[in-house]
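Residue numbers (the numbering used here), protein chains in the order written: chain V, 2 to 338; chain G, 2 to 338. For each residue, glycine too, the CB sits at the ideal point set by N, CA and C. What follows is a short report on a single structure.
There are 2 protein chains.
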Amino acid sequence: MITIKDIAKKAGVSYATVSRALNDKSDVNPKTKKKIIKLAQEMGYRPNVIAQNLVKQRSNNIALIVPDVSNPFFADIARSITEAANESEYVVTINNTGWDPKQEHYILDHMQSQQVAGIIIKPTVFYEPGTFDSVRVPLVVFWHPNKDKTDFIEMDHSIGAELATNHLIERGYKNIAYIGGAGTSPANQLRLMAYQKALQEHEMEVRQDWISYGGFNLKSGYNRIKSLLENDKVKPDAVFCGNDYLALGVLQYLHEKNISVPEEFGVMGYDDIYFSSLPMINLSTIAQPRDKMGKKAVDLILDQIEFQEKRNLENNNNYRSPSRILLKPELKIRGTT
Amino acid sequence: MITIKDIAKKAGVSYATVSRALNDKSDVNPKTKKKIIKLAQEMGYRPNVIAQNLVKQRSNNIALIVPDVSNPFFADIARSITEAANESEYVVTINNTGWDPKQEHYILDHMQSQQVAGIIIKPTVFYEPGTFDSVRVPLVVFWHPNKDKTDFIEMDHSIGAELATNHLIERGYKNIAYIGGAGTSPANQLRLMAYQKALQEHEMEVRQDWISYGGFNLKSGYNRIKSLLENDKVKPDAVFCGNDYLALGVLQYLHEKNISVPEEFGVMGYDDIYFSSLPMINLSTIAQPRDKMGKKAVDLILDQIEFQEKRNLENNNNYRSPSRILLKPELKIRGTT
DNA sequence: CTGAAAGCGCTAACAC
DNA sequence: GTGTTAGCGCTTTCAG
Numbered sequence: 002m003i004t005i006k007d008i009a010k011k012a013g014v015s016y017a018t019v020s021r022a023l024n025d026k027s028d029v030n031p032k033t034k035k036k037i038i039k040l041a042q043e044m045g046y047r048p049n050v051i052a053q054n055l056v057k058q059r060s061n062n063i064a065l066i067v068p069d070v071s072n073p074f075f076a077d078i079a080r081s082i083t084e085a086a087n088e089s090e091y092v093v094t095i096n097n098t099g100w101d102p103k104q105e106h107y108i109l110d111h112m113q114s115q116q117v118a119g120i121i122i123k124p125t126v127f128y129e130p131g132t133f134d135s136v137r138v139p140l141v142v143f144w145h146p147n148k149d150k151t152d153f154i155e156m157d158h159s160i161g162a163e164l165a166t167n168h169l170i171e172r173g174y175k176n177i178a179y180i181g182g183a184g185t186s187p188a189n190q191l192r193l194m195a196y197q198k199a200l201q202e203h204e205m206e207v208r209q210d211w212i213s214y215g216g217f218n219l220k221s222g223y224n225r226i227k228s229l230l231e232n233d234k235v236k237p238d239a240v241f242c243g244n245d246y247l248a249l250g251v252l253q254y255l256h257e258k259n260i261s262v263p264e265e266f267g268v269m270g271y272d273d274i275y276f277s278s279l280p281m282i283n284l285s286t287i288a289q290p291r292d293k294m295g296k297k298a299v300d301l302i303l304d305q306i307e308f309q310e311k312r313n314l315e316n317n318n319n320y321r322s323p324s325r326i327l328l329k330p331e332l333k334i335r336g337t338t
Numbered sequence: 002m003i004t005i006k007d008i009a010k011k012a013g014v015s016y017a018t019v020s021r022a023l024n025d026k027s028d029v030n031p032k033t034k035k036k037i038i039k040l041a042q043e044m045g046y047r048p049n050v051i052a053q054n055l056v057k058q059r060s061n062n063i064a065l066i067v068p069d070v071s072n073p074f075f076a077d078i079a080r081s082i083t084e085a086a087n088e089s090e091y092v093v094t095i096n097n098t099g100w101d102p103k104q105e106h107y108i109l110d111h112m113q114s115q116q117v118a119g120i121i122i123k124p125t126v127f128y129e130p131g132t133f134d135s136v137r138v139p140l141v142v143f144w145h146p147n148k149d150k151t152d153f154i155e156m157d158h159s160i161g162a163e164l165a166t167n168h169l170i171e172r173g174y175k176n177i178a179y180i181g182g183a184g185t186s187p188a189n190q191l192r193l194m195a196y197q198k199a200l201q202e203h204e205m206e207v208r209q210d211w212i213s214y215g216g217f218n219l220k221s222g223y224n225r226i227k228s229l230l231e232n233d234k235v236k237p238d239a240v241f242c243g244n245d246y247l248a249l250g251v252l253q254y255l256h257e258k259n260i261s262v263p264e265e266f267g268v269m270g271y272d273d274i275y276f277s278s279l280p281m282i283n284l285s286t287i288a289q290p291r292d293k294m295g296k297k298a299v300d301l302i303l304d305q306i307e308f309q310e311k312r313n314l315e316n317n318n319n320y321r322s323p324s325r326i327l328l329k330p331e332l333k334i335r336g337t338t
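Right, here's the structure in full:
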């Protein structure tokens, strides 16, 4: 490996001068600088980032911790984060918790050993306040803003559900059911509340037998629309689903029963997965700005880093109040409503 | 930050001893070791991985370079790589080239500055021999084995296409068309050749007007099956598609025209994306072992690292012949054939 | 078994 | 403008 000392020797200067030249510091003779830069290029010099980081007391890695990168939602976020980070000379490491709080805890510790510049994390469902008390580096959490002292970013599920429900109402559906995800999921709860509120604001009845919880998958959607439409009670004429997979299950059932969509029955999904936009599916849904989520997260990390450095430099004790950001989802009107 | 010196002071030993104890070296008094480990725990000591790496002259990062992590294929690979790497105390950084060779080149350089332990790369389509000549760290390339001196891993597209074509033939289809992806893609070319070979082996005619190339997307599949079935020539009764998106476009067209699948027409896809397994799609296809691809890549990196270290240690000049691995795809028989 | 000390490659403070 | 030097936190000889 070739180091600044090698260059120094060849250039006949001290290696400190090489360092200065390569880092474009002021107070270096332009000629010397030029010569050194040229030499470095010729010799194929690559700065040893590890050594630089040791001096700086911080690496140029941002750790992204998610339950599972292969989940399209997180994959999209991962991409926007890596792109944003790369623009500022940071590198992003990916870590999967596999939805396991123990693993999450381990990774959190491990990443700090790596002297990462910052951590962006989507906590497992079992996150509780205090989990991040031991984190000593810039941190951004994808979660609902709470009174914690960390930076939070989350999608505004209330607005999303309101958008969806109102759209269904505007289209003239009178009996709108809710096929939700896991009952314990905060996202699900917020959407349910917003759905109920939207109905009430239009003086429509909220029926408990039209509200259900369950797995976020296709089969679950199929089974639930089936039981909704095959019992004796009043039947809904539209349904708002907790995610697109559920909606796909609903569509499949309706298709099998020859119930025409959107004429006889309206369907709204949530998430806008790739397949929802396909002509053969063409599902109306709510899109969540994942791209913005990633970019914003990197922004906040960089902001914290900057703040930290300024504080160290000026040796003060200023307090940076945490950012709490809610991202607005967007209505995608397609064929099913 | 708390360092080994802090621990040493508190334990009344030298910091070298602390290092030894924490690294579980032999030749440390068991009592001392125990005391130090306990102390480290109490004081919340976290090893500074950067400093460790500086000494080791290598980081514990493996760089994964792909065109786009948000592509499900790469997302799956990313997951299996991170999981395999984490088991060996390595961390994986993700880098997107955005299919841009310039960006790829830059990242390749940048990652070596980071002193990464190894690089796993899926090259952009413009890869040519020699691209990796400047790489001085363990490297694994997802590409077709060639005479380069690097480790290669690739899916066996020939076998995959053979599997698909033979299955169509076995099911009794007589006129099998090929709707391929980009004509320049090596994967596409290999599959085309295998398709032709399989037909010939069954003494079936290879018709050039049943072979087409184009975008790997749904619309492209739709348009191409349309022109195949709406012209005057002999019409095929089955089609092998270059990927599942193309097949989805085909299915949509057949559905619109009320052509029953698999009775009147057979369809095979390639890739086994998530949606192919959905009951409403139920596409027969070829699954590629992405999980194995990731695990194997990490294996090879670790193997190279080990080899390198042994060579340094013994100061010899042994040559390690590169691994060239072809992974076997798997036939998924579902409803469309 | 343990301590002293060199050194990994680099930055930055200080001297000239 | 440039050289000298300390030091980032750690591992690893080398003495003892």
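Separation of residue j from residue i, as counted between CA atoms
i: P139 of chain V; j: Q53 of chain G; result: 22 Å
i: Q305 of chain G; j: N97 of chain V; result: 25 Å
i: F143 of chain G; j: T83 of chain V; result: 21 Å
i: K227 of chain V; j: I66 of chain V; result: 38 Å
i: L255 of chain G; j: S135 of chain G; result: 51 Å
i: Y275 of chain G; j: S114 of chain G; result: 37 Å
i: K26 of chain G; j: V19 of chain G; result: 10 Å
i: L109 of chain G; j: A239 of chain V; result: 52 Å
i: I334 of chain G; j: N61 of chain G; result: 42 Å
i: T132 of chain V; j: R325 of chain G; result: 45 Å
i: K148 of chain G; j: I287 of chain G; result: 28 Å
i: Y128 of chain V; j: E257 of chain V; result: 41 Å
i: A347 of chain V; j: Y271 of chain G; result: Because chain V in this structure spans residues 2 to 338, residue 347 of chain V falls outside the shown range and cannot be described.
i: I38 of chain G; j: A17 of chain G; result: 14 Å
i: A22 of chain V; j: Q58 of chain V; result: 22 Å
i: Q309 of chain G; j: Y320 of chain G; result: 10 Å
Within chain V, partners of residue i - CB distance below 9 Å
i: V50 of chain G; result: S60, H111, S114, Q115, Q116
i: T94 of chain G; result: N62, T83, V92, V93, T94, I95
i: A41 of chain G; result: Ordered by position in chain V, no residue passes the 9 Å Cβ test against A41 of chain G, which lies about 12 Å from the chain.
i: R325 of chain G; result: In chain order: nothing, as chain V lies at least about 27 Å away.
Beta carbon of residue i nearer than 7 Å to that of residue j
i: D157 of chain G; j: P323 of chain G; result: no
i: A118 of chain V; j: T94 of chain V; result: no
i: F241 of chain V; j: Y179 of chain V; result: yes
i: K297 of chain G; j: I160 of chain G; result: no
i: G222 of chain G; j: G181 of chain G; result: no
i: I51 of chain V; j: L55 of chain G; result: yes
i: I121 of chain G; j: V141 of chain G; result: yes
i: A79 of chain V; j: V92 of chain V; result: no
Nearest residue (CA-CA) to residue i, options the options
i: Q253 of chain G; options: V:T4, V:D7, V:P280; result: V:P280
i: I8 of chain V; options: V:R80, V:E310, V:A41; result: V:A41
i: A86 of chain V; options: V:R325, V:K311, V:G295; result: V:G295
i: P237 of chain V; options: V:D210, V:G250, V:L249; result: V:D210
i: E331 of chain G; options: G:Q58, G:I95, G:V29, G:N167; result: G:N167
i: D273 of chain V; options: V:E264, V:F133, V:N283; result: V:N283
i: G336 of chain G; options: G:E265, G:I160, G:K329; result: G:E265
i: A199 of chain V; options: V:N224, V:L164, V:N218; result: V:L164
i: N244 of chain G; options: G:N259, G:K234, G:Q289; result: G:Q289
i: P124 of chain G; options: G:Q116, G:H145, G:G181, G:R137; result: G:H145
i: P102 of chain G; options: G:P68, G:V50, G:D292; result: G:P68
i: H111 of chain G; options: V:K311, V:E90, V:M2; result: V:E90
i: L327 of chain G; options: G:N30, G:N224, G:K293; result: G:K293
Beta-carbon neighbours of residue i, restricted to chain V and to distances below 8 Å
i: F276 of chain G; result: F276
i: R47 of chain G; result: D110, Q113, S114
Where residue i meets chain V, residues with beta-carbon distance less than 7 Å
i: E84 of chain G; result: N97
i: V141 of chain G; result: The contacting residues do not exist; V141 of chain G stays about 17 Å from chain V at best.
i: R80 of chain G; result: D69, V70, S71, N97
i: D157 of chain G; result: Within 7 Å Cβ-Cβ: nothing; D157 of chain G doesn't reach chain V, min ~22 Å.
Closer than 7 Å at the beta carbon, the chain G residues around residue i
i: L55 of chain V; result: I51, A52, L55
i: L219 of chain V; result: L279
i: Q253 of chain V; result: P280, M281
i: D272 of chain V; result: Going along chain G, no residue has its Cβ under 7 Å from D272 of chain V, so there is no contact; the nearest lies around 14 Å.
Residue i: contacting residues in chain G (beta-carbon distance under 8 Å)
i: L249 of chain V; result: L279, M281
Legend entry - Contact the segment 194-209 of chain V vs the segment 299-319 of chain V: 3+ CB pairs below 8 Å: no
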